[in-house]
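Asks: What follows is a structure written as structure tokens; I'll ask about it next.
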Amino acid sequence: VSYYASISDANAGVNQLPLIYNNSLLTEIIFARVENITTNEVDCYDVGSFNIAVNSFPDFELDEEYILCVDTNGTEEIISPPTIEIGLDVLNYSFVWTLDGSVLPLETGSSIVAMQGGNYSVEVTNITSNCALINSTLVKISSPPIVTASITTFAFVEDNVIRVSIEGAGVLEYEFSLDNGPWQESDTFRNVSAGNHTVMARDINGCGIGIDSLIVMDYPLFFTP
């Protein structure tokens, strides 16, 4: 038995393909020549053919993680659930979604609205070729902060320091601002002047802002008659 790229080569017995053959096209016809080697007859052979068809896996990617915004009111009420979107046609593909290893039987489309935090997976199958691919992603919970600002130094000192404490749910990644100033990663503000001040903290994932106010007690560094 020998294999060829064309029927003319197969009939002539020339340009034989290697037994370990890497096809270069998604669809290709291969011709097989079967010869009786126990006879001296020259034309004691036949030629047949078969198709090579390469079916691709579904082509899609998921973000490494998504953020589910909840409110910190004791019940973690959902503010903004993320949509995990694949973007493949439901006429050509089937979808099986799981959350933390459990199948979600009602979710059979190409997208899902994540109403819980956890590990989501989807198995996408090409209906025609039956080729399947599984991808996973993590949905993290995050929330607006509950902000408490406090003065960590004594009254009437030169270096007034405000420190911000945060309560929240989930990721707990925040930035801080004093009196609508620039946002910073540190939760501490130094050399704060006397008077009323407003401290803000915002969730870096876009899940909201918390605010607190306080008064810094101090006196000017001069005396008058």
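In this text, residue positions in the sequence shown follow our numbering: the first is 3, and each later residue adds one.
Ideal Cβ placement from N, Cα and C applies to all residues, glycine included.
The structure presented is a predicted model; accordingly, all values stated were derived computationally and were not measured.
1) Ala196 by DSSP, collapsed to three states: which one?
2) Taking the alpha-carbon of Ser215 as reference, which of Val16, His199, Thr85 and Glu187 has the nearest alpha-carbon?
3) On a CA-only basis, which of Val126, Leu108 and Leu140 is nearest Gly119? Give me that one, please.
4) Out of curiosity, what's the CA-to-CA distance linking Thr154 and Phe59?
5) In chain order, what residues of the same chain lie with their CB nearer than 7 Å to the CB of Arg165, ignoring the 5 residues before and after it?
6) Relative to the C-alpha of Ile114, which candidate in Ala34, Val149 and Phe97 has its C-alpha closest?
7) From the beta carbon of Asn17, is the nearest beta carbon of chain B less than 9 Å away?
8) Here's the rule I'm using: 16 or more other beta-carbon atoms within 10 Å means buried, otherwise exposed. How should Arg192 be labelled?
9) If you follow the beta strand (DSSP E) that Asp73 is in, where does it begin and where does it stop?
10) Suppose the cutoff is 8 Å on Cβ atoms and the five residues either side in sequence are ignored; what does the same chain contact list for Gly76 look like?
11) Kindly indicate which three-state DSSP category Ala116 falls into: helix, strand or coil?
12) Out of curiosity, what's the CA-to-CA distance linking Phe33 and Leu135?
13) Helix, strand or coil for Ile80, going by three-state DSSP, please let me know.
14) Taking DSSP's pairing of strands, which residues face Thr100 in a bridge?
Replies: In short, the structure shows the following:
1) coil
2) Closest by alpha carbon: His199.
3) Nearest option by C-alpha distance: Leu140.
4) 59 Å
5) Ser152, Thr154, Asp189 and Thr190
6) Phe97
7) Considering every chain present, this structure includes no chain B. It has just one protein chain.
8) exposed
9) Glu67 to Asp73
10) In this predicted model, Gly76 has a pLDDT of only 49, less than 50, meaning its place in the structure is not dependable; the value taken from the coordinates is given anyway. Hits under 8 Å: none found.
11) Residue state for Ala116 is assigned as coil, using DSSP reduced to three classes.
12) In a straight line, the C-alpha of Phe33 is about 32 Å away from that of Leu135.
13) strand
14) Val105 and Ser123
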